[in-house]
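Reading through the structure tokens given below for one structure.
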Amino acid sequence: MNEQNVTIHLFSEKKDRSKIASEFIGCSVVYHNFSASSPGELNGAKNSIVVFYLTSLSSSVFNKIKDAQKNAQHSFIYLVENRDPVIASTLAKFGGSEIYILPDELFKFNALLKEKVENLHGETDDSTFFNFNESDPVFRSLLGNSKEADELIAAAKTAAENASVNVLILGETGTGKGMLANAIHNYSNKKISPFVEVTCSAIPEHLLESELFGHEKGAFTDAKSRKLGLFELADNGTIFLDEIGELTLNLQVKLLRVLEKKIIRRVGGTQDIPVKARIISATHRDLKQMIEQNLFRSDLFYRLNVITIELASLRDRRDFILSLVDLFLKEFSECYHKTVNKVDEDVLKFLISYDWPGNIRELRNAFERAVLLCDSGVLTSKHFDHIINRQLGEMTHREKSFPSSPADKKSVNICLEFSYASTNIQQLTVLYAHEVLKRVNGNKAMTARILGISRPKLNRLLTGELIE
8 MNEQNVTIHL FSEKKDRSKI ASEFIGCSVV YHNFSASSPG ELNGAKNSIV VFYLTSLSSS
68 VFNKIKDAQK NAQHSFIYLV ENRDPVIAST LAKFGGSEIY ILPDELFKFN ALLKEKVENL
128 HGETDDSTFF NFNESDPVFR SLLGNSKEAD ELIAAAKTAA ENASVNVLIL GETGTGKGML
188 ANAIHNYSNK KISPFVEVTC SAIPEHLLES ELFGHEKGAF TDAKSRKLGL FELADNGTIF
248 LDEIGELTLN LQVKLLRVLE KKIIRRVGGT QDIPVKARII SATHRDLKQM IEQNLFRSDL
308 FYRLNVITIE LASLRDRRDF ILSLVDLFLK EFSECYHKTV NKVDEDVLKF LISYDWPGNI
368 RELRNAFERA VLLCDSGVLT SKHFDHIINR QLGEMTHREK SFPSSPADKK SVNICLEFSY
428 ASTNIQQLTV LYAHEVLKRV NGNKAMTARI LGISRPKLNR LLTGELIE
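As numbered in the numbering used here, the sequence shown has no gaps in its residue numbers, which increase by one up to the final residue, 475.
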């Protein structure tokens, strides 16, 4: 089979398709208008990919998409313009799993399209299932190339291959928990079913139960009609419960019932409804500590963490920063049609040494801003000035808070642990220098200034060269 055998059916309500037309090079493209065609008509089409390019979502268009999904023999790809994010959230709730916001995610759409075309070239009778070996590059891009990452990738692949198993992802905010959950879903046999994401901390407590499990008409004052919950909408797919540690004990009991019996009951309802969705949950909190404080149920914890994947902060895997730099350079250069392909060497050193309190999310946002501001092919310090200035401000604050005069130094308590019998004055000086260095977060220039010695002498002192 050659590339001309793959047909892309593009449904759109607008005539200008220039934003995405270049992504279809090498394939036969058939353009459809929603007013004249229905995607349901393609449900027997062979070697076809269906793409919806949406700038709005009228009731007639929505109903056509919903009807097509009921009997679909393949998944649909949705492209949504970013000026109306409500469209994306609506599609996600009603079964859309491959949704890309333009122009920000054009790079991701291009990668998915290439993957689907390649899959059709080598299609087998079991084409619904993914070759898990092909998931390695995706998981590598999320987790890195270290030995520690190898263990995480193995766990992620196991989670993808065993789609009925619950997964718990731990890590600080911004470490990529949501992206990993999505990748696990997309490389499992649930990929053609919905991926529904719920941020538990973002929904008021009194609304969260109705959001998760739905409600019947008249269940409470504003319940004007029946509402399906997100567990029902996830159907046979995946429901991602982000910030699971924010659930109240009352909701934890109800979630435990879902895990044990695979059923839900709508608020105000009497009927038990079976659910097949796999649960992937995530949190930045210490659930074991919460269990000790009686804030989280131990039985729920053990149900959720059949497979546990713990993501380290970016400051603890600095070797991963270079890979992310390459990834984000490529992504945003293609997204904004620029030829930015290099980062100044001094800036690169700064990026690696910076602690990134917002982790991958902060790094990604910094690169998006930098590429947008760049008018050449190289990113320099001016493109990251907001982060550099913040770091300098913190260093200045630390320097001011650390005593600079002999009088001030008397008011500071520094405790050093050493043996009286085996430690001489020179070794004590080395211990003191290391403690000062620790207090200023490893800034050797500041340490030398505080100690009143030169930087080269400080280096010799720290390495023990000055000890006789």
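All C-beta atoms in this analysis are idealised placements derived from N, C-alpha and C, irrespective of residue type, glycine included.
These numbers were taken from a predicted model, which means no experiment stands behind them.
1. In the DSSP assignment, find the alpha helix (DSSP H) that holds I328 and state where it starts and stops.
2. Excluding the 5 residues preceding and the 5 following D351 in the sequence, name in chain order all residues of the same chain whose CB lies nearer than 8 Å to its CB.
3. Are there 16 or more other CB atoms within 10 angstroms of the CB of I108, so buried, or fewer, so exposed?
4. If you follow the alpha helix (DSSP H) that L444 is in, where does it begin and where does it stop?
5. Could you spell out the range, first to last residue, of the alpha helix (DSSP H) harbouring V354?
6. Which residue wins for smallest C-alpha separation from Y85, given the options T245, P201, G275, D306?
7. Here's the rule I'm using: 16 or more other beta-carbon atoms within 10 Å means buried, otherwise exposed. How should V260 be labelled?
8. Taking the alpha helix (DSSP H) that D306 belongs to, which residues open and close that run?
9. Quick check on DSSP: helix, strand or coil for H291?
10. Need the endpoints of the beta strand (DSSP E) that H16 sits in, please.
11. Look at the alpha carbon of K184 and the alpha carbon of T245, and state the distance between them as a whole number of angstroms.
12. Of the choices V58, Y60, L98, whose alpha-carbon is the least far from that of N70?
13. Please state if the CB of G252 and the CB of M297 are separated by a distance shorter than 8 Å.
14. To the nearest whole angstrom, what separates the beta carbons of A188 and I176, a pair I think is in contact under 8 Å?
15. Pop quiz: A452 and R462 are said to be a contact at Cβ under 8 Å. What is the actual Cβ separation, rounded to whole angstroms?
16. Got a sec? Which residues, its chain only, sit under 7 Å from V347 by beta carbon, not counting five neighbours each side?
17. Taking just the CA atoms, how far does H16 sit from L119?
18. Given that a residue counts as buried once 16 or more other Cβ atoms are within 10 Å of its Cβ, and exposed if not, what is G471?
19. Out of E267, L258, T206, A319, point me to the one whose CA is closest to D249's CA.
20. For S134 and I287, what's the separation of their Cα atoms in angstroms?
21. Which of the three DSSP states is assigned to D242 in this structure?
22. For A156, which of I316, Y361, F18 has the nearest alpha-carbon?
23. Using only the alpha-carbon positions, how far apart do I395 and K349 sit?
24. Give the single residue among A161, V274, E125 whose Cα lies nearest to the Cα of T14.
25. With distances taken from CA atoms, which of R304, I367, R322, R456 is nearest N257?
26. Assuming S146 and K121 make a contact with CB atoms under 8 Å, what is their CB distance in whole Å?
27. Can you tell me whether G178 is buried or exposed, with buried defined as 16 or more other CB within 10 angstroms of its CB?
28. How far does the alpha helix (DSSP H) with F220 in it reach, from first residue to last?
29. Any C-beta of chain B sitting closer than 8 Å to the C-beta of S320?
30. Is the beta carbon of I280 less than 8 Å from the beta carbon of R292?
31. Are A170 and I314 touching if we call contact CB-CB under 8 Å?
32. Would you grab the beta carbon distance between F238 and V265 for me? Rounded to a whole angstrom, and I think it's under 8 Å.
33. Whole angstroms are fine: how far does the CA of L355 sit from the CA of H393?
34. Quick one: is N366 buried, meaning 16 or more other Cβ sit within 10 Å of its Cβ, or exposed?
35. According to DSSP, is E105 helix, strand or coil?
36. Let's see if you can read the secondary structure: which residues bound the alpha helix (DSSP H) around F3?
Put simply:
1. 328–342
2. V385, L386, T387, S388
3. buried
4. 432–446
5. 352–360
6. P201
7. exposed
8. 305–311
9. coil
10. 14–19
11. 14 Å
12. L98
13. yes
14. 6 Å
15. 6 Å
16. L336, S340, V378, C381, G384, L386
17. 15 Å
18. exposed
19. T206
20. Reliability fails at S134, whose pLDDT of 38 lies under 50, so the model's placement of it is uncertain and no value is given.
21. coil
22. I316
23. 18 Å
24. E125
25. R304
26. According to the sequence displayed, residue 146 carries Phe and not Ser. Not really, about 18 Å apart at Cβ, beyond 8 Å.
27. buried
28. 212–220
29. The chain inventory of the structure shown lacks chain B, comprising one protein chain alone.
30. no
31. no
32. 7 Å
33. 15 Å
34. buried
35. strand
36. Because the chain in this structure spans residues 8 to 475, residue 3 falls outside the shown range and cannot be described.
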